[in-house]
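S.K.: If you count the sequence shown from 1, you need to add 20 to reach the numbering used here. Glycine included, every Cβ here is placed at the ideal spot set by N, Cα and C. Starting off with a structure, shown below.
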Amino acid sequence: GSHTITLKTDGTVWSYGLNTNGQLGIGNNTDENVPVKIEELSNIKKIATGYSHSLALKEDGTVYAWGEGTKGQLGDGNNTDSNVPVKVDGLSNIIKIDAYKNMSMALDKDGKVYVWGEGYSTLPMKVVFSEKIEDISGTLMLTKLGTVYDLSDTSKAIDGLYNIAKISCGEAHNLALTTDGIAYAWGTNTYGECYTKLAENNNIIAIEAKIFGISAGNQTSFLLTDDKKVYVLGNNSNGQIGLGTTKNA
21 GSHTITLKTD GTVWSYGLNT NGQLGIGNNT DENVPVKIEE LSNIKKIATG
71 YSHSLALKED GTVYAWGEGT KGQLGDGNNT DSNVPVKVDG LSNIIKIDAY
121 KNMSMALDKD GKVYVWGEGY STLPMKVVFS EKIEDISGTL MLTKLGTVYD
171 LSDTSKAIDG LYNIAKISCG EAHNLALTTD GIAYAWGTNT YGECYTKLAE
221 NNNIIAIEAK IFGISAGNQT SFLLTDDKKV YVLGNNSNGQ IGLGTTKNA
């Protein structure tokens with residue numbers, strides 16, 4: 021939403037910005053315009069943030085959450101906010117976390133996915149799924165076989181996506197990257213965030229470039245090529261894709 025969470029190399033977490041729902045995790049609901057250390061957190065190796073809540077993964081594989089909890093996104097069995105980190109119930113051996121909008125996800129070392137928050141329970145629920153999951157992003161799950169599934173329908177993989185190495189779930193569109201460096205996009209394309217060069221009636225459009233990294237945002241897409249150049253697409257009304265103008269790309 022309007023807050024930022026930062027992880028330092030020493031395993032501490034710092035936050036700043038809007039704090040209406042306690043999303044800074046510092047024990048109060050006062051906004052901060054400089055980074056403030058979250059004293060209750062240490063030995064953190066990964067962080068993730070949604071609209072107004074955040075997650076932290078400790079070195080021991082446990083997960084902590086704070087901020088808005090009205091949709092159950094804190095995973096502690098309650099529907100209330102918390103301005104300090106609370107331990108997410110029932111999770112262990114976690115290797116990856118993601119906070120997306122008003123929901124949360126976690127991936128354990130055995131390739132099992134847990135989800136909680138809006139549309140789900142106030143406690144982590146294991147996704148019933150036969151394949152091992154390699155990565156998670158938003159509502160997307162990447163299998164070890166290189167196929168991609170959406171939480172909305174885990175009965176079948178998303179058509180047209182094979183040999184996928186990376187996934188990125190944006191506000192209303194998604195990106196996927198193959199092992200060969202080909203990027204795919206699908207979802208809303210109001211500002212060209214899914215790439216409009218190919219005028220085909222197909223919501224999955226190949227981007228013909230050697231891509232190394234991907235990131236889908238709110239009506240924006242960022243692509244990193246193997247020669248370390250960054251390409252941007254989408255809504256630029258506030259200069260958010262860094263072109264030096266406010267013209268969409």
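1. In chain order, what residues of the same chain lie with their CB nearer than 6 Å to the CB of GLY81, ignoring the 5 residues before and after it?
2. Give me whichever residues DSSP pairs with ASN194 in a beta bridge.
3. Note down the Cα distance separating LEU27 from TYR120, rounded to an integer number of angstroms.
4. Could you spell out the range, first to last residue, of the beta strand (DSSP E) harbouring ASP155?
5. Tell me which same chain residues have a C-beta within less than 8 Å of the C-beta of THR266, skipping the five on either side of it?
6. Taking just the CA atoms, how far does ILE187 sit from ASP179?
7. With distance defined between alpha-carbon atoms, name the residue in THR198, SER175, CYS189, LEU243 nearest to TRP206.
8. Taking the DSSP output, what are the residues bridged to THR240?
9. Measure the C-alpha to C-alpha separation of LEU197 and PHE242 and round it to an integer number of angstroms.
10. Verify whether the separation of the beta carbon atoms of GLY42 and ASP109 is less than 8 Å.
11. Helix or strand or just coil, what does DSSP make of VAL148?
12. Just list the residues that DSSP pairs LEU160 with in beta bridges.
13. Is the Cβ-Cβ distance between SER124 and ALA76 less than 8 Å?
14. Following the continuous beta strand (DSSP E) through GLY87, name the residue where it begins and the one where it ends.
15. So, using beta-carbon positions, are VAL133 and ILE153 closer together than 8 Å?
16. Taking only three categories from DSSP, how would you classify ASN38?
M.R.: In terms of the structure at hand:
1. Correct list, in chain order: SER112, ASN113, ILE114.
2. For ASN194, the pairing in a beta bridge is given by DSSP as CYS189, TRP206.
3. Distance between the alpha carbons of LEU27 and TYR120 is about 18 Å.
4. Start and end: 153-157.
5. Excluding positions up to five away in sequence, the list reads ASN256, SER257, ASN258, GLY259.
6. Rounded to the nearest whole angstrom, the C-alpha separation of ASP179 and ILE187 is 15 Å.
7. Checking every option, the nearest Cα to that of TRP206 belongs to CYS189.
8. Partner(s): GLY254.
9. Approximately 12 Å between the Cα atoms of the pair.
10. For the 8 Å CB-CB criterion, GLY42 and ASP109 do not form a contact.
11. Three-state result, VAL148: coil.
12. Among the bridge pairs identified by DSSP, LEU160 is matched with SER157, ASP170.
13. Contact flag unset, no.
14. Start and end: 83-87.
15. Yes, the Cβ-Cβ distance between VAL133 and ILE153 is below 8 Å.
16. Residue 38 is actually Leu in this sequence, not Asn. Three-state result, LEU38: coil.
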